[in-house]
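For the sequence shown, the UniProt record's numbering assigns the number 1 to the initial residue and increments by one for each residue that follows.
Scroll down for the structure; my scribbles are underneath it.
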Amino acid sequence: MSRTIIISNRLPVKISRTAEGELSFRPSEGGLATGLGSIYKEGDNLWIGWPGIHFQDEEEESFVKKELLKENMLPVDLTTEEIKLYYEGFSNETLWPTFHYFNQYALYKKSYWQSYERVNQKFCDAVLAVANPDDTIWVHDYQLLLLPDLIRDKLPHVSIGFFLHIPFPSFEVFRLLPWRRQLLDGVLGADLIGFHTYDDMRHFLSAVSRICFLSNHHGQITKDGRIVEIDAFPMGIDYDKYARSSAAPETLSREVKYRTSLGEVKLMLSIDRLDYSKGIAARLQIFDLFLEKYPQYQGKVSLLMVVVPSRDSVDKYKDLKEEVDLLVGRVNGKYGSVNWTPIHYFYRSFPLEDLSAFYRIADVALVTPMRDGMNLVCKEFVASKLDQKGVLILSEMAGASKELSEAIIVNPNDKHQVRDAIKKALEMSEDEQVKHMEIMQATLKKFNIHHWVELFMQRLDEVNQKQLKMNTK
Ligand code: G6P
1 MSRTIIISNR LPVKISRTAE GELSFRPSEG GLATGLGSIY KEGDNLWIGW PGIHFQDEEE
61 ESFVKKELLK ENMLPVDLTT EEIKLYYEGF SNETLWPTFH YFNQYALYKK SYWQSYERVN
121 QKFCDAVLAV ANPDDTIWVH DYQLLLLPDL IRDKLPHVSI GFFLHIPFPS FEVFRLLPWR
181 RQLLDGVLGA DLIGFHTYDD MRHFLSAVSR ICFLSNHHGQ ITKDGRIVEI DAFPMGIDYD
241 KYARSSAAPE TLSREVKYRT SLGEVKLMLS IDRLDYSKGI AARLQIFDLF LEKYPQYQGK
301 VSLLMVVVPS RDSVDKYKDL KEEVDLLVGR VNGKYGSVNW TPIHYFYRSF PLEDLSAFYR
361 IADVALVTPM RDGMNLVCKE FVASKLDQKG VLILSEMAGA SKELSEAIIV NPNDKHQVRD
421 AIKKALEMSE DEQVKHMEIM QATLKKFNIH HWVELFMQRL DEVNQKQLKM NTK
């Protein structure tokens with residue numbers, strides 16, 4: 001029987017060890033998990049990925065496997081060394097900085113690359129142990145760039161889709177990677193390759209042409225007699241989930257609680273994983289510039305900044321944590337008073353009810369990444385604004401800026417521009433806020449996560465039909 005197999009570095013579940021040593025399983029609230037939920041939970045479909053913890057012994061491994069299989073998930077165990085070299089190393093100290101144009105942060109280490117190759121092979125073995133030639137396989141993200149071709153080698157006619165959730169850099173940046181050719185050959189094992197934006201797709205095609213000497217015709221490449229299609233599929237959110245959560249009684253009661261504690265100030269919101277690509281430090285400097293240039297806002301506006309811990313064993317992330325702590329302290333020390341805190345800073349994650357309450361009370365969302373594949377926070381903010389009041393300030397370096405042109409679009413490197421955008425946002429009339437929000441909501445409602453999944457799967461099917469026709473000619 002044919003089925004769909006999804007593969008990503010992380011499984012859509014968070015497993016952690018409690019203080020008593022017990023394992024706790026929590027379903028992930030991530031957009032991808034929600035969107036693909038309708039697929040992998042059905043019938044014999046399967047999601048293969050790393051459960052996020054290292055098994056203590058065989059007994060624990062077989063227990064976790066059994067539990068996950070009930071939910072159609074298959075774990076790939078990573079050793080401590082693989083976590084260090086493949087996950088923290090090649091994925092997050094080589095590919096992540098390069099693909100986000102922070103190539104000065106990138107480490108080019110042979111041991112990282114070798115581990116990346118081995119772990120991609122490990123994922124491939126896990127797939128081959130369960131896959132049939134008529135299955136549909138969907139591989140996700142930069143941690144698994146070699147996987148499509150590894151699978152293709154063993155199952156030459158199987159249908160493979162690949163989606164990159166982060167930006168694809170321009171050729172001049174991509175070429176810096178010593179393993180550029182192998183990485184491209186790896187992805188080109190797929191039948192359909194998807195990106196968030198047209199620019200990412202263009203950069204990829206240019207790298208393929210300059211490095212692999214393969215030209216494209218309207219996004220179609222022929223490689224070893226196989227058709228490979230490349231296109232942009234901007235990912236959406238589960239719009240109804242955020243709209244529903246925004247109206248839920250639990251959210252409303254938390255909103256009242258937070259509003260009361262915050263007092264009569266305007267509120268700006270920023271929510272990110274701790275990552276240098278998100279522009280968190282620059283945002284704090286901009287808020288400082290804003291309070292300095294427009295002192296009439298001192299005591300009148302606060303920034304609620306949520307930073308979700310991430311990849312904290314990687315040096316650059318540790319450094320950034322120090323920098324953010326320092327900047328928050330500096331701004332609060334410089335402007336704060338007994339009855340006003342300029343920045344409310346939280347270094348942890350929050351449940352959906354709290355996030356929805358934050359989205360509701362925020363007058364302005366400040367989403368200013370230096371580089372971001374898509375950015376879903378800005379979409380969640382828009383979906384949560386049931387009264388359509390609120391302003392989005394959005395970096396032009398986020399994929400989402402291509403869809404949300406009704407936001408105040410800024411260049412995050414232009415600190416004075418963002419500083420003045422904050423003033424503009426705080427002073428925007430309600431009529432104007434509603435006008436922009438209405439348009440953004442209509443877009444996001446239509447191009448939601450379910451639409452994205454359907455579109456990609458349908459297109460993959462079309463490519464396979466085309467291939468079949470070509471083979472029988
Ligand atoms: C980004 C990546 C995902 C990754 C997530 C969290 O959104 O595109 O592939 O899973 O960050 O990062 P982590 O390293 O914790 O998996």
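All C-beta atoms, glycine included, are put in the ideal place defined by N, C-alpha and C.
For V308: DSSP bridge partner residues: R273
Other residues of its chain near G52: CB distance less than 7 Å, five sequence neighbours each side excluded: R10, K14, I15
Close beta carbons around I227, own chain, < 8 Å, minus the five adjacent residues each side: D191, Q220, I221, V463, K466, Q467, M470
Range covered by the beta strand (DSSP E) that runs through Q220: 220 to 223
V453 versus W47: straight-line alpha-carbon distance, rounded: 15 Å
Cβ-Cβ distance between S337 and L303 below 8 Å: no
Counted within 10 angstroms of its Cβ, other Cβ atoms place residue 488 as buried (16 or more) or exposed: The shown model of the chain, from 1 to 473, leaves out residue 488, and the question about it has no answer.
Unbroken stretches of the alpha helix (DSSP H), 4 residues or longer, contained in the region 137 to 181: 147 to 154, 171 to 174
Which of helix, strand or coil DSSP assigns to G186: helix
Beta-carbon spacing of L85, S115 below 8 Å: yes
Where S91 falls, given that 16 or more other Cβ within 10 Å makes a residue buried: buried
Given 8 Å, three or more beta-carbon pairs between the region 438 to 455 and the region 403 to 413: yes
Unbroken stretches of the beta strand (DSSP E), 3 residues or longer, contained in the region 222 to 269: 226 to 232
DSSP beta-bridge partners of L46: I5
C-beta atoms of V301 and L426 nearer than 8 Å: yes
Residue span of the alpha helix (DSSP H) that contains residue 546, given as start and end: Outside the shown range of the chain, which is 1 to 473, sits residue 546, and nothing can be said about it.
From Q143, P133, Y101, G31, residue whose alpha carbon lies closest to that of Q121: Q143
Per DSSP, the bridge partner or partners of R419: BP columns for R419 are empty, so no partner.
Counted within 10 angstroms of its Cβ, other Cβ atoms place G305 as buried (16 or more) or exposed: First, the residue type needs correcting, since residue 305 is Met and not Gly in the sequence shown. Counting Cβ neighbours within 10 Å, M305 comes out buried, since at least 16 surround it.
Contacts around A311, its chain only, beta-carbon distance under 6 Å, and the 5 residues preceding and following it disregarded: Strictly speaking, residue 311 in this sequence is Arg, with Ala absent from that position. N92, Y317, listed in sequence order.
Cβ pair residue 492, F99 closer than 8 Å: The requested residue 492 is not part of the displayed model; the chain covers only 1 to 473.
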